[in-house]
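Down below is the structure, laid out as structure tokens.
Residue numbers (the working numbering), protein chains in the order written: chain A, 189 to 682; chain B, 189 to 682.
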């Protein structure tokens, strides 16, 4: 696409100047509509070194209210960044509904640099492109307007600009060896850029190639596309994205009603002995996976009063507190709710070598949000695939993902609720909402069955913890965690 | 995507049987909603030989009302088909709003067969994929629901089925040498299919891979996706598609107000002489391009009373009547209006070696439809790119495209209108609508300027015919046609 690109006819300077002004004011007005409609807008600028991204961004935002946008500039990944999945440091920056984020380069730049240096090739490159396309599609499908601009200048123009920057003592520092190499190997980069643009050009997040031989003219082209894109997105507030096929291997899993809870018990003495032994094992493993830099994600879902808290405690008490974190997941905060539903989980991931335990998870999307109508039917129907994609992303990064469903029967829940209600020091644990949720047990059961069957992938399988006897469930959880971590440690050398 | 595909968990036969029934009835009900919403639905079935497409389609449509769907089966292209652009014979079959077309194979099969035989490779394959992706995107953007199913069976299963078909004397004839070759070279085909599916899997027209090891189960998977897709599409009736960048080279072109009409005249004697000479030339050229099988498309747009009819007559009177057609384009018929706006032009294309003259064209989309509000703003804004893509498709096929804008000034139109009004034998040529359109001259002028500047591509440029002196315009048109045809004949050998 870049190779075929031909500059559009450029009006004369006076016309451009006037039109830029008009479009800037139009963008300022659009900003209010964006705010009203709670539409989140991502605008991405990529392009050749010295194509003038900074100056062009400056012109684009000139008339905007600074409370409603942010500009983020791609820096070199920090050591911390490198301990997270590739997509994370970009996804951290996505705007909330009603606001803009302008990205002064983002995951294209990193990817094309790595392709240029030969760090990612073949299957790795393809996997990266898949990740990016999925992420952009998922942002779009969840209501984001994503517009991507590539600032194009030819080799001669680039050379001229780099030279001018070098000759001025105030700007000489801005010209790096990478920039100069890019100009020397312009055609190689052209190949890489062209391929990337083709590979990631989708209706859900289209590329616009911008003739940047003149910066004001470049700004005008961008402003026009941007205003047009905003108008279109505002018309599509009620858009329901297509529900794509879930292409991940799903393993069969029993329905809740088929899970026997009988005889899933353990004697106190046996429990004590096992607990000590398993916790000691887990402690050792924790050090090993810290050394091997394996990230671990443990997910707890289950009925109210099923015993999640006590179960988690038996895991954490075996762990070095410097190497794990428990993330209790309640209703999203307003700033979380205003973003992609997975954002608040992207921001809570463990670093490599660390463990994060989620006490409730992203599966809220297909349980409480489904049942309470906090999202549309299309949203939760799409979410199974989105969640599998998210977990696949984490798995590709190297994470061990262990998902627990803590299962009790309806009668057991009632007994535990009553006990909580009748025991003064436990009463804080039971709320009116718990009772209300309990009335929706049958609806939850349908939702949980669908969730288990549609997200039971080979790379992130569900494990059922039969928890009428909480001790039984704790021992089972520990064994599964140990087993999975052992396998992961065995797989990974160093 | 095919290579990674893993079968989903399959419920037992009784469950499948019951669920198929439910989904069939749901589809029958959806069909009425489709009709109500005037939504056009394209359902495509592709897959391995002996995957059971026929039987599966039968199950899918079982409960549907036959008045609202059509099944088209891909046959070998006829000799006539081969004289048209590749996409045409498929696009001919697209449904009108409110109806379904089920395609028992379509442009995937042709493309993958040609890729398998080595007929299309490299740049040709890529161009084909681009054409297909553009066509599917344009269908989606213009309100079509496009769902594509690939019926997957493994090599062993295919072998077993082919053998069973061969052994039964009633079905033996159905097994072709191609089918057997496919089974022998299963892995090669897998590569080709996988690549095609990846290359054409887009949110606007997604692929769904269907485990077809059991036909009833295959039907169930399809019915579920289909019903879900329909629900989603029904929610998106007001969808406005993104306005993509027009990536074709646009040549600068003057605004109408900048076109001088002064001194664009010709003496009668000179006219007579020139006309005879040019028509003789054109006659000769017509035979040459017939022999060389070059298709020619000549487009006339212009102000009312600008002299289009007389101009066209001077062209056609030089042509062999067996080798050209004039297509007068009025408002679309209901069955045309119910389809993609370019459909009625796809069905009117010339065969190779033939000339079609369009008296008014697809540019109605960005003129009368824009000004009269017959389509949405998003529709006509998107149309510039859609039209350029359409013309590019025709150009890639080998067509010569000549577009005329027949220009007069406002005063000249008034004089001609009055003359028509006052001359009894010409009065039929002037209607109230002409007078109403005349009042909108300034709006048309804006629309025409935008149209000319956004569709003046190198492969299908506009030519202005200054037509205050109609004779001048006729001579100019003949010269341009001769010039363009001569160039095309020179380019093409045989």
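Quick reminder that beta carbons are idealized off the backbone N, C-alpha and C, glycines included.
query                                                                                                                  : result
Residues near residue 272 of chain A in its chain [Cβ-Cβ closer than 7 Å; skip 5 each side]                            : 537, 539
Continuous beta strand (DSSP E) stretch holding residue 516 of chain A: start and end                                  : 512-516
CA-to-CA distance, residue 361 of chain B to residue 216 of chain B, given in whole angstroms                          : 34 Å
DSSP state of residue 210 of chain B mapped onto helix, strand, coil                                                   : helix
Contact set between residue 402 of chain A and chain B, taken where Cβ atoms lie within less than 7 Å                  : Here the premise fails: no neighbours, minimum Cβ distance about 16 Å.
8 Å contact criterion, which residue 398 of chain B and residue 409 of chain B should meet: CB distance rounded        : 5 Å
Backbone secondary structure at residue 605 of chain B - three-state DSSP                                              : helix
Sheet register partners of residue 616 of chain A (DSSP bridge)                                                        : Answer by DSSP bridge pairing: none, since residue 616 of chain A is not bridged.
Chain B contact residues for residue 391 of chain A, given Cβ-Cβ distances below 9 Å                                   : 325, 328, 329, 390, 391, 392, 429, 430, 432
Residue interval of the beta strand (DSSP E) (run including residue 677 of chain A)                                    : Segment 658-679 is the alpha helix (DSSP H) holding residue 677 of chain A; no beta strand (DSSP E) there.
Residue closest to residue 394 of chain A, alpha-carbon to alpha-carbon, out of A/405, A/320, A/358                    : A/320
Three-state class that DSSP yields for residue 429 of chain B in the structure shown                                   : coil
Supposed close pair residue 292 of chain B, residue 242 of chain B - CB separation, criterion 8 Å                      : 7 Å
Inter-residue spacing [alpha-carbon to alpha-carbon] between residue 592 of chain A and residue 627 of chain A         : 23 Å
Chain B within 9 Å of residue 417 of chain A, Cβ atoms only                                                            : yes
Supposed contact pair residue 543 of chain A and residue 507 of chain A - C-beta distance, whole angstroms, cut 8 Å    : 6 Å
Contact list for residue 669 of chain A against chain B, beta-carbon separation under 7 Å                              : Ordered by position in chain B, no residue passes the 7 Å Cβ test against residue 669 of chain A, which lies about 26 Å from the chain.
Residue 446 of chain A (DSSP reduced to helix, strand or coil)                                                         : helix
Within chain A, partners of residue 423 of chain B - CB distance below 9 Å                                             : 426, 427, 428, 564, 566
Uninterrupted beta strand (DSSP E) stretches inside the segment 319-382 of chain A (no shorter than 3 residues)        : 333-340
Cβ neighbours of residue 434 of chain A in the same chain (closer than 8 Å, five flanking residues each side left out) : 572, 573, 576, 642
Assigned secondary structure, residue 204 of chain B (DSSP; H/G/I helix, E/B strand, else coil)                        : helix
Alpha-carbon spacing of residue 222 of chain A relative to residue 390 of chain A, whole angstroms                     : 23 Å
Cα-Cα separation between residue 446 of chain B and residue 253 of chain B, rounded to whole angstroms                 : 58 Å
Any C-beta of chain B under 9 Å from that of residue 522 of chain A                                                    : no
Interface flag, residue 593 of chain B vs chain A, CB-CB below 9 Å                                                     : no
Cβ-Cβ separation, residue 594 of chain A to residue 661 of chain A (assumed contact under 8 Å), whole Å                : 6 Å
Within-9 Å CB hit, residue 296 of chain B to chain A                                                                   : no
Residue 547 of chain A (DSSP reduced to helix, strand or coil)                                                         : strand
Chain-ordered chain A contacts of residue 192 of chain B [CB-CB under 9 Å]                                             : 435, 436, 437
Contact check, residue 158 of chain B vs residue 401 of chain B, beta carbons under 9 Å                                : The requested residue 158 of chain B does not occur in the structure, where chain B is confined to residues 189 to 682.
Within 9 Å, strictly: CB atoms of residue 652 of chain B and residue 442 of chain B                                    : yes
Segment limits, beta strand (DSSP E) that includes residue 395 of chain B                                              : 395-399
From A/388, A/365, A/246, A/212, residue whose alpha carbon lies closest to that of residue 296 of chain A             : A/388
Nearest-angstrom Cα separation, counted from residue 329 of chain A out to residue 429 of chain A                      : 5 Å
Listed by chain order, chain A residues near residue 639 of chain B by CB distance under 7 Å                           : Ordered by position in chain A, no residue passes the 7 Å Cβ test against residue 639 of chain B, which lies about 14 Å from the chain.
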